[in-house]
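Accompanying notes for the structure given below.
Residue numbers (the working numbering), protein chains in the order written: chain A, 497 to 646; chain B, 30 to 532.
Rendered as structure tokens:
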């Protein structure tokens, strides 16, 4: 099966249905003007149309075309990096934004990318320092602050 | 004459210490972004946008546009010295540039690339100065129907003229429109597609989407393969001078590349990648020695590099004069303008002429700065290629998160950025173009408001799009851009039949 074509088309069919269902209760047309559901309805319709065209093209072409997924080690690197990023969101208000980014960078360089300790610590500290200087000290962005004060 | 006077005023603005510094920082950052794999100009501008908050809009714009065209110069270094394009638009440079480097002519390749980029860039900016005014004046006749069709044309040409599948590009533009629909209806104020989530009432901000799709997505994809430290072909300052014969042999390639790049750059959604590929193909046809292409042709490098830089500068014309971005990077720049409180479009040339002419003058200066950075300072930048990517990737990711937070001070936006980072990664896996998503998000508000205004004016009749001459022409262009891929496919199929017949 041509997963490369079929999967995006199926996902977009689902999203089109979601857009249509999510705006079904809104007005398509008000008295003098198109309503809030006007454009979503047309966009959902276009989504269905193009998805169907892609599905038909995929079945017409036949054969097999699949995405090139990484090997196991590469997949683990991508997965752990993403999980680490997700973990940063709940950690930042408690640990402080800058401290969270430093912890994340050290964890990623040592645990995921298997780099040496000293250069990893140095890189994380310098990057954290630059983030603090630019965003907190210069731009006065109110990044969440933790017990360490940054 | 009036144009020259306005340009002179622009130079007076661009040459103030603060603006000169902003242009220099923008060009330097662009140069570095071009060198670094895993981050392109669109993500670079989106990431660095928060650092322009608090500075005057003109200064901010000079810096951000410097990042955009600076990346075109920087991408050459990695293409020539390690055969890895730091920026997608430098792919064609790598083909011949790295072969030249292997033959001991890295300096000549870098030198002709810098000179070609500079000459084509300056030429394109000169045309930009002239055309922006003409186009802006013409666009004063535009009303809601024209703006709707112009924005639609921006999306359909992205799909039909891009290098990948047309239907997939259209699908991604529709996905971008869906993302842009989330939030509050602009006319009635009713929540739309928020599913009861208060954080979604303001809509999905453009910056987290762009940073996620281009920045995080790209880094995740680059982490798939474990990296060994790269071997960089060494280049010395004394190697960077080319002979007059080399330049004379490449001067027409620079001219042709510049013209091709400029014309391609004007078209919405096509951008510098297609420009450099097309210029390479044109040059191969025009060259007296086409057999050298792919084996180390200096004129091939000159054509590809002139084209990508010219295209980037030309892409500013539809963005400034019409408010329609021609590439992913100009889409981010357009969003940046809106965040800085400036509405690009026909009125910009009259209402904010200082800004436009200051920007144009800064582009002349920026190109000059970049040629200096890329000739005597090329060995210095080449040394930065020895810095292992594994130490850069975590930095890019955390700056993405901080940048996303800084735009709205919301951790929800950080979550949105990570989500779109995953979406961007999956899009790369499934060969889905990412630029149409970003273009659609930027164009959606203009599309929706002008469509609804048009139908309000005509009391619901779609005939308004045919009754006005300019909108009728634009409608034909929209339909033509949708029909072109079908026409192209039929032509390819017919050629295939002919070939079958000859075998």
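Ideal Cβ placement from N, Cα and C applies to all residues, glycine included.
Against residue i, what residues of chain A qualify as contacts under a CB-to-CB distance less than 8 Å, listed in chain order?
{"i": "residue 79/B", "result": "631, 635 and 637"}
{"i": "residue 443/B", "result": "584, 585 and 588"}
{"i": "residue 440/B", "result": "585, 588, 589 and 640"}
Identify, in the order they occur along the chain, each residue of the same chain with its Cβ nearer than 7 Å to the Cβ of residue i, setting aside the five sequence neighbours on each side.
{"i": "residue 181/B", "result": "476 and 507"}
{"i": "residue 137/B", "result": "129, 271, 275 and 327"}
{"i": "residue 248/B", "result": "67, 422, 425 and 426"}
{"i": "residue 184/B", "result": "202, 465, 468, 469 and 472"}
{"i": "residue 158/B", "result": "32, 36 and 389"}
{"i": "residue 642/A", "result": "590, 591, 592 and 595"}
{"i": "residue 170/B", "result": "499"}
{"i": "residue 616/A", "result": "602, 605 and 606"}
{"i": "residue 47/B", "result": "88"}
{"i": "residue 117/B", "result": "69 and 302"}
Residues of chain B with CB closer than 7 Å to the CB of residue i, please, in chain order.
{"i": "residue 503/A", "result": "459"}
{"i": "residue 680/A", "result": "It is not possible to answer for residue 680/A, since the shown part of chain A is limited to 497 through 646."}
From the DSSP output, in three-state form, read off residue i for me.
{"i": "residue 181/B", "result": "helix"}
{"i": "residue 463/B", "result": "coil"}
{"i": "residue 212/B", "result": "strand"}
{"i": "residue 417/B", "result": "coil"}
{"i": "residue 536/A", "result": "helix"}
{"i": "residue 632/A", "result": "helix"}
{"i": "residue 481/B", "result": "helix"}
{"i": "residue 220/B", "result": "strand"}
{"i": "residue 532/B", "result": "Unreliable placement is indicated for residue 532/B, whose pLDDT of 33 sits below 50; the coordinate value is still reported in the next sentence. It is coil, neither helix nor strand."}
{"i": "residue 318/B", "result": "coil"}
{"i": "residue 114/B", "result": "coil"}
{"i": "residue 128/B", "result": "helix"}
{"i": "residue 457/A", "result": "With chain A covering only 497 through 646, there is no way to say anything about residue 457/A."}
{"i": "residue 45/B", "result": "coil"}
{"i": "residue 234/B", "result": "coil"}
{"i": "residue 383/B", "result": "helix"}
{"i": "residue 512/B", "result": "helix"}
{"i": "residue 569/A", "result": "helix"}
{"i": "residue 193/B", "result": "coil"}
{"i": "residue 38/B", "result": "helix"}
{"i": "residue 273/B", "result": "helix"}
Under 7 Å between beta-carbons, which chain A residues line up against residue i? List them in chain order, please.
{"i": "residue 373/B", "result": "Here the premise fails: no neighbours, minimum Cβ distance about 22 Å."}
{"i": "residue 419/B", "result": "605, 609 and 611"}
{"i": "residue 224/B", "result": "518"}
Along chain A, in chain order, which residues have C-beta atoms closer than 9 Å to that of residue i?
{"i": "residue 216/B", "result": "526, 529, 530, 531 and 532"}
{"i": "residue 255/B", "result": "569, 570, 573, 609 and 610"}
{"i": "residue 435/B", "result": "631, 635, 637 and 639"}
{"i": "residue 237/B", "result": "Within chain A, no residue comes near residue 237/B; the closest Cβ sits about 12 Å away, beyond 9 Å."}
Would you list the residues sitting across from residue i in a DSSP beta bridge?
{"i": "residue 525/A", "result": "530/A"}
{"i": "residue 615/A", "result": "Residue 615/A is not bridged to any residue."}
Sorted by chain position, which residues of the same chain lie with C-beta nearer than 6 Å to residue i's C-beta, five sequence neighbours on each side aside?
{"i": "residue 108/B", "result": "114, 119, 122, 123 and 126"}
{"i": "residue 532/B", "result": "For residue 532/B, the predicted model reports a pLDDT of 33, less than 50, meaning its position is unreliable; a value from the coordinates is still stated below. Result list for residue 532/B: empty, nothing under 6 Å."}
{"i": "residue 525/A", "result": "531"}
{"i": "residue 434/B", "result": "443"}
{"i": "residue 282/B", "result": "312, 328, 331 and 332"}
{"i": "residue 619/A", "result": "none"}
{"i": "residue 511/B", "result": "185"}
For a contact meaning CB atoms closer than 8 Å, what does residue i contact in chain B?
{"i": "residue 546/A", "result": "196, 199, 200 and 203"}
{"i": "residue 621/A", "result": "Per Cβ cutoff of 8 Å: no residues; residue 621/A is ~12 Å from chain B at best."}
{"i": "residue 597/A", "result": "427, 430 and 431"}
{"i": "residue 549/A", "result": "196"}
{"i": "residue 581/A", "result": "245, 426, 430, 447 and 450"}
Closer than 7 Å by beta-carbon distance: list the chain C residues that pair up with residue i, in chain order.
{"i": "residue 510/A", "result": "Absence of chain C from the displayed structure is noted, the protein chains being A and B."}
Leaving aside the five residues before and after residue i along the sequence, list all residues of the same chain whose C-beta is less than 8 Å from its C-beta, in chain order.
{"i": "residue 307/B", "result": "289, 293 and 336"}
{"i": "residue 381/B", "result": "371"}
{"i": "residue 529/B", "result": "For residue 529/B, the predicted model reports a pLDDT of 45, less than 50, meaning its position is unreliable; a value from the coordinates is still stated below. Taken in chain order, the list of residues that qualify is empty."}
Which chain B residues sit within Cβ distance under 9 Å of residue i?
{"i": "residue 578/A", "result": "245, 249, 447, 450, 451 and 454"}
{"i": "residue 555/A", "result": "Neighbours of residue 555/A on chain B: none; closest Cβ ~14 Å, over 9 Å."}
Please tell me whether, using a cut-off of 7 Å, the distance from the CB of residue i to the nearest non-hydrogen atom of the ligand MN is below it.
{"i": "residue 557/A", "result": "The ligand MN is not part of the structure shown, which contains no ligands of any sort."}
Checklist line | Stretch-stretch touch, CB-based, cutoff 8 Å, three pairs: the stretch 140 to 147 of chain B with the stretch 320 to 335 of chain B | finding: yes
Check: How do the stretch 620 to 633 of chain A and the stretch 69 to 78 of chain B stand: do at least 3 beta-carbon pairs fall below 8 Å, yes or no?
Finding: no
Margin query: Tell me whether the stretch 384 to 391 of chain B and the stretch 33 to 41 of chain B touch, counting them as touching only if at least three CB pairs, one residue from each stretch, are closer than 8 Å.
Written below: yes
Check: Three or more C-beta pairs closer than 8 Å, one from the stretch 217 to 231 of chain B and one from the stretch 515 to 535 of chain A: is that the case here?
Finding: yes
Item checked: Stretch-stretch touch, CB-based, cutoff 8 Å, three pairs: the stretch 199 to 215 of chain B with the stretch 499 to 519 of chain A -> yes
Checklist line | Touching by the beta-carbon criterion (3+ pairs, under 8 Å), the stretch 167 to 178 of chain B and the stretch 389 to 404 of chain B | finding: no
Checklist line | Touch test, the stretch 234 to 253 of chain B against the stretch 447 to 460 of chain B, Cβ-Cβ under 8 Å, three pairs minimum | finding: yes
Margin query: Could you check whether the stretch 574 to 585 of chain A touches the stretch 612 to 628 of chain A, counting it as contact only if at least three pairs of C-beta atoms, one from each stretch, sit closer than 8 Å?
Written below: Touching, no.
Note to self: Any contact between the stretch 156 to 170 of chain B and the stretch 343 to 352 of chain B? By contact I mean 3 or more CB pairs, one from each, below 8 Å.
What the structure shows: With the cut-off at 8 Å, the stretch 156 to 170 of chain B and the stretch 343 to 352 of chain B touch.
Check: Looking at C-beta atoms only, is the number of pairs between the stretch 220 to 237 of chain B and the stretch 548 to 556 of chain A that lie closer than 8 Å three or more?
Finding: Cβ pair count under 8 Å is below three, so no.
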